[in-house]
Amino acid sequence: MAKTLTAKGAATRQRIIDGAAAEIRDRGVLTTTLDDVCRRTATSKGQLFHYFPDGREQLLLAVAEQEAERVLEDQQPHLGRLTTWDAWQAWRDAVVRRYQRQGMNCPLGVLITELGRSTPAAQAVTVRLIERWQYELHVGISGMQRSGHISADLDAGRTAAAIVAAIQGGVTILMSTGGSTHLEAALDTSLLFLRLAH
Numbered sequence: 098m099a100k101t102l103t104a105k106g107a108a109t110r111q112r113i114i115d116g117a118a119a120e121i122r123d124r125g126v127l128t129t130t131l132d133d134v135c136r137r138t139a140t141s142k143g144q145l146f147h148y149f150p151d152g153r154e155q156l157l158l159a160v161a162e163q164e165a166e167r168v169l170e171d172q173q174p175h176l177g178r179l180t181t182w183d184a185w186q187a188w189r190d191a192v193v194r195r196y197q198r199q200g201m202n203c204p205l206g207v208l209i210t211e212l213g214r215s216t217p218a219a220q221a222v223t224v225r226l227i228e229r230w231q232y233e234l235h236v237g238i239s240g241m242q243r244s245g246h247i248s249a250d251l252d253a254g255r256t257a258a259a260i261v262a263a264i265q266g267g268v269t270i271l272m273s274t275g276g277s278t279h280l281e282a283a284l285d286t287s288l289l290f291l292r293l294a295h
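Numbering (the numbering used here), first residue to last: 98 to 295.
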């Protein structure tokens, strides 16, 4: 936002974002309305539009930005320390726990279902998330190559990209079915591939 918020204003804005994210988790993005968010957060429409003058789309984008940060935060400290096979396994478990906890309604899904295809700002959030996630995996794979655990012939960048794509496929199925079997299979197969690449 262009304007500087007071501490109280920042807290109110954050409460609205958190409330919108909770509504999306409970009800799904398509059925969540601004009235729902106002009721949940005990704010008026006037307050909501004070912080999000462009309305629902601007609020959903703020939720998406926050959830994108949390995707990576929930994988730490493991994602930043992929230096051993135990660390990779701990990271895998953290990813599965994160998405099992999230369930079928993903606040970040607003990027795909409502904003991502038509809004450059939402596309930018997605691009930043994928690039940062892929970078961390790339660093982990490269480190394992230097320590001799993974073949130096493996293309670390493309492999990192493939792992992110595999995870997102598993997450999409989880969001459709409620089950994490495919996500776990995607991660386990990715880790097996890395172990065999030596």
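Glycine is no exception: its CB is placed at the ideal position from the N, C-alpha and C atoms.
query	result
Alpha carbon of VAL224 to alpha carbon of ILE270, nearest angstrom	21 angstroms
Beta-carbon gap between VAL261 and ILE227 smaller than 8 angstroms	yes
For PHE146, the first and last residue of its enclosing alpha helix (DSSP H)	142 to 148
Option in ALA119, THR180, LEU234 with minimal Cα separation from HIS246	THR180
Per-residue burial, GLY152 [other beta carbons within 10 Å of its own, 16 or more giving buried]	exposed
Spatial neighbours of ALA117 in its chain, beta-carbon cut-off 6 angstroms, leaving aside the 5 residues before and after	VAL134, LEU156, VAL160
Candidates GLY240, ILE264, ALA218, of which the one nearest GLU154 by Cα	ALA218
Cβ shell of VAL193 (< 8 angstroms), same chain only, five flanking positions each side left out	SER277, LEU280, GLU281, LEU284
Residue of MET272, ALA253, GLN197, GLN265 minimising C-alpha distance to PHE290	ALA253
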